[in-house]
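Down below is the structure, laid out as C-alpha cells.
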Amino acid sequence: AIDPNTAPEQKLTAALGEALSHRGFLLLTAGYFVCGYQVMFLGTHLPNFLTQAGQGPWVGATALSLIGLFNIIGTLFWGAMGGRWRMKYLLSTIYLLRSIALTVFILLPVTPWSTYIFAATIGLLWLATVPLTSGLVARIFGLRYMATLTGIVFFSHQLGSFAGAWLGGIFFETTGSYATIWWIGVILGLIAASLHFPIDDKPVQRLQP
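Just so we're aligned: the sequence shown equals residues -17 to 191 in our numbering.
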C-alpha cells in the first residue's frame, strides 16, 4: 500500500478524471439534479399553487416558514445519521420519503392544516441531502479536492433548480395546472432513490490501506 504521507500529491486534473470515471460520482450528481428540481419548484411555486387551491396568502407564507424551520432540524438530524448509517441508503430514503410526501399532499384536499403538515414534513427532508452528499464525496475521494468535486455535484443541483422553477411556470402557463409538474417531481424522486442505492461508497483504491 502507498503511504499517503509520502505519496506524491494528486493533481486536480487527476482528481477530476478519477471522479468523472467513477460510476458512483455520476449517480450522485444525477441524483442531486432531482434535489434541486424538487426544492426550487416548491420554493417558487408552492404559494401560487395554494392560492389556486383557494388558500389565502397567509397559508403559503406560513408553509415556506415551516419549511425553513423544520429544515434546520432535518439537516442536523440527517447529518448526524450519516455518522451512524451508510449515507447512500439515507439519501435513497430521503428521496423516497419526499415522493411519498408529495404524493399524499396532492391526493388529499388542500387545507391549511394539510399544507402545514406537508411543509413540516418536506422541511425535514429539504436540505437533508447536503451533508450526506458532501460526506459521500469526502468518503469516496478524500478531502483534498472535496470542495471542487462537491461543487461539480452542486452544479447539477442548480441545473435541477432551474428546471423546477422554469418548468413549473411553463406547465402552469400552458395547462393552467401544476398537476403534471407535481407528478414529475414524484417520479424523479423515485428515480433518485434508485440511483443512490447502487453507489459504490468505498474509498477509491488510492485511499485504501
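Ideal Cβ placement from N, Cα and C applies to all residues, glycine included. Quantities reported herein were computed from a predicted structural model and do not represent experimental measurements.
DSSP state of residue i, grouped into three classes?
i        : result
Ile104   : helix
Thr97    : helix
Pro180   : coil
Tyr71    : helix
Glu(-9)  : coil
Pro185   : coil
Val21    : helix
Ala110   : coil
Pro(-14) : Residue placement at Pro(-14) is poorly supported in this model, since its pLDDT is 46, which falls under 50; the coordinates still yield a value, given next. Correct three-state label for Pro(-14): coil.
Arg80    : helix
Val92    : coil
Ser3     : coil
Tell whether a beta-carbon distance below 8 Å holds between residue i and residue j.
i      : j      : result
Gly6   : Ile181 : yes
Ser138 : Tyr14  : yes
Thr11  : Ile134 : yes
Ala110 : Ile76  : yes
Gly171 : Ile163 : no
Thr57  : Val112 : yes
Ala101 : Leu48  : yes
Which value, in whole angstroms, describes the spacing of the CA atoms of residue i and residue j?
i        : j       : result
Ser176   : Ser74   : 7 Å
Gln140   : Phe23   : 12 Å
Lys(-7)  : Leu2    : 14 Å
Tyr127   : Pro91   : 48 Å
Ile166   : Tyr160  : 10 Å
Asp183   : Ala(-3) : 16 Å
Asp(-15) : Arg188  : Caution is warranted here: a pLDDT of 48 is assigned to Asp(-15), below 50, making its placement in the model unreliable, and no coordinate value can be reported.
Gly38    : Ser96   : 14 Å
Thr26    : Leu8    : 27 Å
Gly124   : Pro185  : 8 Å
Ile169   : Glu0    : 30 Å
Trp60    : Leu79   : 13 Å
Tyr98    : Val41   : 8 Å
Looking at chain B, is there any beta carbon in it that lies within less than 8 Å of the beta carbon of residue i?
i     : result
Leu24 : Within the model displayed, chain B is absent; a lone protein chain is all it includes.
>> Restricting to runs no shorter than 4 residues, where is the alpha helix (DSSP H) found entirely within the region 28 to 68?
In response: 39 to 63
>> Pairs of beta-carbons, one from the region 105 to 123 and one from the region 64 to 84, closer than 8 Å: are there three or more?
In response: yes
> Which runs of the alpha helix (DSSP H), 4 residues or longer, sit entirely within the region 121 to 177?
Replying inline: 128 to 157
>> With three or more beta-carbon pairs closer than 8 Å as the criterion, would you say the region 95 to 105 touches the region 51 to 58?
In response: yes
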